[in-house]
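According to this note's numbering, the sequence shown is numbered sequentially starting from 269. By construction, the Cβ of each residue, glycine as well, lies at the ideal position given by its N, Cα and C atoms. Given the structure is predicted, the values throughout are model-derived calculations rather than measurements. Okay, structure first, notes after.
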Amino acid sequence: MITASGAISANRLEALEAFDESKVGVKGLVDGGATTIPFFFRQTNRSVNPSPRHLSVPVVDLSLPRDVAVSAILSAARQWGFFQLLNYALPIPLVRRALSAVRSFHELPAADRSRFYTRKTESGVSYFSNIDLFLSSAASWRDTLQIKTSPTPPNPERIPAVCREELLEWDAAATELARMVMGILAEGMGVEKERLEMMTCLEGRVIVGHYYPPCPEPEATAGVVQHTDPAVLTLLLQDEIGGLQIRKEGDDGEFCWVDVNPAPGAIVVNVGDLLQMISNDEYKSVEHRVLANSHEDARVSIAMFFNPSKSEDSDIYGPLQELPHILLLPHSQAISISTVASFSKSNLFVSHLRDKRIRQRNSQPSDGFEPPSMPCDLRRQYYLATH
């Protein structure tokens, strides 16, 4: 367990190290015949109530007249923070190849897969289970292949051959789709179409290929804990199994979890924390999570995160000054992209806060996870950077 002081108990640390040093991830546990989950995967205070049938994430058909599609995208970004795109002018086989390639990597023989296992991300290519394994209060039931494709792309030879061509192809195609979406969102803010692109928001790119093996106790853990994305924009491919949910306020004022049901050929788009801040809260970065996989087959998804490429402390981001809003919201304070980058790199997917808005620097988290052993001032920066 993680104690109140932030220290990890000896038994827990020993178990985490043994799991990490096996270099085969959750897939290795399943292949080994696990019928229960290790104690460090067990999570408490989890709500898995059925998704309300009357609520569904917007699906936008880009084959509709442009004004209709644009209106639907802007409405979804403002009210939901999530939407699915159909008929987006990219070949469906390209999407299928990317998902299949990520599956092929994660289903390589353990000896082949383990050669890529590392928590060091400097090379731009890393394979691991739970980047926050030694920080989170409980691990999640998934493995991950992460590739930083821009602004400094890795040596292509470092990318596993089984998925190299497909993921580089997806990187190029997804970037063009994100360019189109960012242009629409910029128009919706009343600024020039290329504004986000001028801020290099297309140039900091990371591909994250998640693999969710069948879980013997899906009610006791999660695939990904609830979080918001500390990014500008995320594009997500998911297979037909599903499990992604977003937190949404219902008609009765109560919050509930709404399924993002896979639509054949659809690409999921969601607003990140940076875009919410840049837009002065016009677009919403909402909490989402992935349930542990209760199906017989593994679930696969590919998230592509878009961030500014600038990472110096002098590169400050806040609400766009040219926004046609008279009053900037008081919690929309500017921060440096280096703050976001430093914490999102080491604490990806560990935010639990229910209030997603960027707050003032003197604000304190009300009920969220804070990484253990993090000094008070860094906790505050972490909170600002990831929420």
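Local Cβ density within 10 Å of H495, reported as buried at 16 or more and exposed below that | buried
_Per DSSP, what are the beta-bridge partners of F573 in this structure?_
V474, T502
> Mind checking whether F396 and P428 have CB atoms under 8 Å apart?
Replying inline: With contacts defined as CB atoms closer than 8 Å, F396 and P428 fail to qualify as a contacting pair.
Exercise. Round the Cβ separation of Q352 and A534 to the nearest angstrom and send it over; I've been treating them as touching at under 8 Å.
Key: 4 Å
What number of angstroms, rounded off, separates the C-alpha of V393 from the C-alpha of I475? If I take the Cα positions, the gap works out to 10 Å.
message = Quick test of your reading: L505 and A366, contact by CB under 8 Å. State the CB separation rounded to the nearest angstrom.
response = 6 Å
Residues that E490 bridges to, as DSSP identifies them
For the record, residue 490 in the displayed sequence is Ala; it is not Glu. For A490, the pairing in a beta bridge is given by DSSP as L559.
Item to check | Anticipated Cβ contact below 8 Å, L413 with G491, distance rounded | outcome: About 15 Å separates the two Cβ atoms, so there is no contact after all.
Practice task
For G301, count neighbouring C-beta atoms within 10 Å of its own C-beta (all shown protein chains included) and say buried if the count is 16 or more, exposed if not.
Solution key: An exposed status is given to G301, since fewer than 16 other beta-carbon atoms sit within 10 Å of its beta-carbon.
Quiz item: In or out: P486 buried (at least 16 other Cβ within 10 Å) or exposed?
Solution: buried
Report buried or exposed for T417, applying the criterion of at least 16 other Cβ atoms within 10 angstroms of its Cβ.
buried
ask   = Anyone know if the C-beta pair for V325 and I514 falls short of 8 Å?
value = yes
Would you identify the three-state DSSP class for W348, choosing helix, strand or coil?
Coil.
### Message
Below 8 Å, how does it come out for the region 426-445 and the region 370-379: are there three or more Cβ pairs, yes or no?
### Response
yes
**Request:** Could you tell me which residues DSSP pairs with V568 in its beta bridges?
**Result:** Y479
What runs of the beta strand (DSSP E), each 3 residues or longer, lie entirely inside the region 508-550? 512-517, 523-527, 535-539
I'd like the span of the alpha helix (DSSP H) that includes F287, first residue to last.
278-290
Status (buried if at least 16 other CB within 10 Å, exposed otherwise) for K578 | buried
Fill in: alpha helix (DSSP H) segment containing F396, residue limits
Segment 393-396 is the beta strand (DSSP E) holding F396; no alpha helix (DSSP H) there.
Q. Taking the C-alpha atoms as reference points, what is the distance between E471 and W525?
A. 32 Å
- Message: Considering Cα atoms alone, identify which of G451, P419, R314 is closest to D439.
- Response: Of all alpha-carbon atoms in G451, P419, R314, the one lying nearest the alpha-carbon of D439 is that of P419.
Around the Cβ of D549, are there at least 16 other Cβ atoms within 10 angstroms (buried) or fewer (exposed)? buried
Simplified DSSP assignment, three categories, for K295
In this structure, K295 counts as helix in the three-state DSSP scheme.
Verify whether the separation of the beta carbon atoms of A531 and L376 is less than 8 Å.
No Cβ-Cβ contact shorter than 8 Å links A531 with L376.
**Message:** Between G586, V459, D400, V328, which has its C-alpha nearest W348's C-alpha?
**Reply:** Of G586, V459, D400, V328, the residue nearest in Cα terms is V328.
Worksheet item: How far does the alpha helix (DSSP H) with L413 in it reach, from first residue to last?
Response: Boundaries for L413: no alpha helix (DSSP H) harbours it, while the beta strand (DSSP E) harbouring it runs 411-418, taken from the DSSP string.
Thinking just about the alpha-carbon of each residue, which of L401, S569, K291 is nearest to the one in D507?
Looking at L401, S569, K291, the one whose alpha-carbon comes closest to that of D507 is S569.
Quiz prompt | Outcome for V363 when other beta-carbon atoms lying within 10 angstroms are tallied against a minimum of 16 | solution = buried
query = Considering only residues of the same chain and omitting the five flanking positions on each side of S612, which have a CB-CB separation below 6 Å?
reply = A caution first: S612 carries a pLDDT of 48, below 50, which makes its placement in the model too unreliable to give a value.
If we count the other Cβ atoms within 10 Å of its Cβ and call it buried at 16 or more, is D541 buried or exposed? buried
(message) With distance defined between alpha-carbon atoms, name the residue in G293, Y356, R334 nearest to S382.
(response) For S382, the nearest C-alpha among the options comes from G293.
In this structure, does DSSP put V338 in helix, strand or coil? helix
- Query: Quick one: what does DSSP say D329 is sitting in, helix, strand or coil?
  - Reply: strand
**Simplified DSSP state of H495, which is helix, strand or coil** = strand
Measuring CB to CB, does L464 end up less than 8 Å from Y551? no
- prompt: Shortest alpha-carbon distance to P359 belongs to which of V459, E444, D520?
  reply: E444
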